[in-house]
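Chemist: Numbering (the numbering used here), first residue to last: -17 to 127. Even for Gly, the Cβ is constructed at its ideal location relative to N, Cα and C.
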């Protein structure tokens, strides 16, 4: 596998958001009713300024991305065709290495693949809530080194 973790560049935005949308819809099992332009604006105006954002490229194609802080993983998505190749593990290892010894993140309860992944990475369920755009149950996970 020829996948490289790189710093996010503004030219990655549109391709990244399309991959993010596809991965999200696959994992949660819904079609996102929101315009993709709104997701792009959210990514550019909220995610990028408040996180360290990285992409994984394989043969010049974005196959994953991580947006994290020393305290949280705000986004971690892998292209559907690349799930199970260890890319998510590499990104999570990077987030853990750059953390302050603990991290938190959210995922939707119905995303069983993501839940298993996070639990295998040592995250434990902290709480559940349903106050989100999609009116889906969300799980907050925590990890400590």
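Could you tell me which uninterrupted alpha helix (DSSP H) segments, each at least 4 residues in length, are contained entirely in the stretch 0 to 53, listed from first to last along the chain?
Modeler: Runs of the alpha helix (DSSP H) inside the stretch 0 to 53: 18 to 24.
Chemist: Quick one: what's residue 109 bridged to in DSSP?
Modeler: Paired residue(s): 122.
Chemist: Around the C-beta of residue 69, are 16 or more other C-beta atoms found within 10 angstroms, so that it is buried, or is it exposed?
Modeler: The residue is buried, with at least 16 neighbouring Cβ atoms inside 10 Å.
Chemist: Measuring CA to CA, which of 95, 91, 104 is closest to residue 116?
Modeler: Ranking the options by Cα distance to residue 116, first place goes to 91.
Chemist: Comparing alpha-carbon positions, which option in -13, 97, 105 lies nearest residue 83?
Modeler: Per the Cα distances, 105.
Chemist: How do the stretch 35 to 54 and the stretch -13 to 0 stand: do at least 3 beta-carbon pairs fall below 8 Å, yes or no?
Modeler: Verdict: yes, contact present.
Chemist: Under the rule that 16 or more other beta-carbon atoms within 10 Å means buried, what is residue 93, buried or exposed?
Modeler: Burial call: buried.
Chemist: Does DSSP put residue 116 in a helix, in a strand, or in coil?
Modeler: Coil, per DSSP.
Chemist: Tell me, which residues are paired with residue 59 by DSSP?
Modeler: 47.
Chemist: Whole angstroms are fine: how far does the CA of residue 40 sit from the CA of residue -16?
Modeler: Spanning the two alpha carbons is a distance of roughly 6 Å.
Chemist: Work out the CA separation of residue 25 and residue 48 for me, nearest whole Å.
Modeler: Going by the C-alpha atoms only, they are around 12 Å apart.
Chemist: Quick check on the burial criterion: 16 or more other C-beta atoms within 10 angstroms. Buried or exposed for residue 63?
Modeler: The residue is exposed, with fewer than 16 neighbouring Cβ atoms inside 10 Å.
Chemist: Which one of 65, 74, 126 has the shortest CA to CA distance from residue 35?
Modeler: With distances taken between Cα atoms, residue 35 lies closest to 74.
Chemist: Tell me the rounded alpha-carbon separation between residue -9 and residue 29.
Modeler: Cα-Cα distance, rounded: 13 Å.
Chemist: State the DSSP-derived secondary structure class of residue -13, mapped to helix, strand or coil.
Modeler: The answer is strand: DSSP assigns residue -13 an E or B state.
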